[in-house]
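Down below is the structure, laid out as structure tokens.
Structure follows, in structure tokens:
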């Protein structure tokens, strides 16, 4: 791998770590068109994200 590519990948990784730390303990609201089972599946996907980042995700759907 070239040095430029390695530098780029490391920079992106570090930026992600700093952004995650800045938002830990915060809440993000997601607006979506999913309802019922789709919403449940989305929230199951969100659980590992919340555990890894400390960011709480609230879902606001347009269908019931």
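Residue numbers (our numbering): 40 to 103. Glycine included, every Cβ here is placed at the ideal spot set by N, Cα and C. The structure presented is a predicted model; accordingly, all values stated were derived computationally and were not measured.
Discussion item. Please report the straight-line C-alpha distance between residue 64 and residue 84, rounded to a whole angstrom.
Written reply: 19 angstroms
Worksheet item: Skipping 5 residues on each side, what residues in its chain have a beta carbon closer than 8 angstroms to that of residue 102?
Response: 72, 73, 74, 75
Worksheet item: The alpha helix (DSSP H) spanning residue 72 covers which residue range?
Response: Where residue 72 is concerned, there is no enclosing alpha helix (DSSP H), given that its DSSP letter is neither H nor E.
Discussion item. Using the three-state DSSP reduction, which class does residue 99 fall into: helix, strand or coil?
Written reply: strand
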